[in-house]
Amino acid sequence: EAGVAQSPRYKIIEKRQSVAFWCNPISGHATLYWYQQILGQGPKLLIQFQNNGVVDDSQLPKDRFSAERLKGVDSTLKIQPAKLEDSAVYLCASSAGEALNYGYTFGSGTRLTVV
Amino acid sequence: DQQVKQNSPSLSVQEGRISILNCDYTNSMFDYFLWYKKYPAEGPTFLISISSIKDKNEDGRFTVFLNKSAKHLSLHIVPSQPGDSAVYFCAASAYQGGKLIFGQGTELSVKP
């Protein structure tokens, strides 16, 4: 089974610019998550989708971050405008629902550097 | 407010010996706990999980112990191998399928 695909792998932008990340989950996985991992910290959930509906976006900075999951498959996460503190690895994960038995499957992430 | 804490940023163990990674949590609503392993430039990989109705779960060389009264869990790796060198994260959730709260991670180094 193909894994969770993310692109790009790396991105460097200047502060106040905008950036978008793309995620393609494992086929058939209804639940999709975006996590932010700042260096030296554990991943932090930004947003959780169930099919194309939002389940939890309580920790998403909505003044600058947005995410969508059209047709319940691929998802994009956008930051506009970026700040220096947004430098992190952005991880996408998906699950079929039995997440706590088998765990989420994470993609390799997108490393964002804001300069 | 760090609800899941891994107080040891790093651990070094000799090959063949036991590795013990520890994790503490503060939220008594957590009912599910997982361990993830992460190599550089890769996403975290699920390792093993345990629900609060159990106090132990084994999978090959990996065993997770849960002490609910102490709000503490640990991951034992026996015997440790150089390929186990990675960052290990513990994570907790209040319900199955819920969002995971991760600890800060412990970097394990297994020396030949």
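Protein chains in written order, with this note's numbering: chain B, -6 to 108; chain Z, 63 to 174.
Every residue gets a Cβ at the ideal spot worked out from N, C-alpha and C, and that includes glycine.
Close-in-space but distant-in-sequence residues of the same chain around residue i (CB under 8 Å, 5 per side omitted)
i       : result
Y157(Z) : D93 and Y94
E77(Z)  : P141, S142, Q143, P144, V172, K173 and P174
F124(Z) : W97, L109, I110, L137, H138 and I139
I6(B)   : V12, A75, L105, T106, V107 and V108
G167(Z) : Q68, P71, K100, V149, Y150 and F151
8 Å Cβ cutoff, residue i in contact with chain B
i       : result
F127(Z) : no
E104(Z) : yes
S111(Z) : yes
L135(Z) : no
F124(Z) : no
As assigned by DSSP and simplified to three states, the class of residue i
i       : result
K4(B)   : strand
E61(B)  : strand
L128(Z) : strand
L84(B)  : strand
L39(B)  : strand
G49(B)  : At residue 49(B) the sequence reads Asp, which differs from the Gly that was named. Strand, per DSSP.
L73(Z)  : strand
E78(B)  : helix
D86(Z)  : strand
D67(B)  : coil
D33(Z)  : Examination of residue 33(Z) is not possible in this model, given that chain Z is present from 63 through 174 alone.
Best match in the options for proximity to residue i [C-alpha to C-alpha]
i       : options                              : result
E104(Z) : S80(B), K71(B) and Y3(B)             : Y3(B)
I115(Z) : K130(Z), P102(Z) and Q65(Z)          : K130(Z)
I19(B)  : F58(B), L32(B) and N44(B)            : N44(B)
G65(B)  : P54(B), S87(B) and Q34(B)            : S87(B)
D56(B)  : D49(B), P36(B) and K71(B)            : K71(B)
G33(B)  : T98(B), L25(B), R9(B) and S80(B)     : S80(B)
D86(Z)  : N69(Z), E169(Z), D121(Z) and T168(Z) : N69(Z)
G96(B)  : K161(Z), G165(Z) and P71(Z)          : K161(Z)
Own chain residues within Cβ distance below 7 Å of residue i, not counting five before or after
i       : result
V47(B)  : I40
Y101(Z) : A148
T175(Z) : In the structure as shown, chain Z starts at 63 and stops at 174, and residue 175(Z) therefore has no counterpart that could be examined.
S59(B)  : K71
Chain Z contact for residue i (CB, 8 Å cutoff)
i       : result
Y83(B)  : no
Q34(B)  : yes
S101(B) : yes
Q29(B)  : no
G21(B)  : no
G96(B)  : yes
6 Å CB neighbourhood of residue i in its chain, flanking five on each side removed
i      : result
A89(B) : H22
K99(Z) : T107, L109, A148 and Y150
V82(B) : Q30, G102 and R104
Q17(B) : Looking at the sequence itself, residue 17(B) is Asn, so the reference to Gln does not match. Within the same chain, N17(B) has close Cβ partners A(-2) and D67.
Proximity test, residue i beta-carbon vs the ligand SAM heavy atom, cut-off 7 Å
i      : result
C85(B) : With respect to the ligand SAM, the structure offers nothing, as it holds no ligand at all.
8 Å Cβ cutoff, residue i in contact with chain C
i      : result
F92(Z) : No chain C is part of this structure, whose protein chains are labelled B and Z.
| query | According to a CB-to-CB cut-off of less than 7 Å, which residues of the region 64 to 83 of chain Z neighbour chain B? | reply | Against chain B - using a Cβ distance shorter than 7 Å - the region 64 to 83 of chain Z contributes no residues.
| message | For the region 144 to 169 of chain Z, list every residue whose C-beta sits within 9 Å of some C-beta in chain B, in sequence order. | response | For chain B, the residues of the region 144 to 169 of chain Z that bring a beta carbon within less than 9 Å of one of its beta carbons are F151, C152, A153, S155, Y157, Q158, G159, G160, K161, L162, I163, F164, G165, Q166 and G167, in chain order.
| task | Determine which residues of the region 39 to 60 of chain B have a Cβ less than 8 Å from any Cβ of chain Z, and write them out in chain order. | result | Q41 and D49
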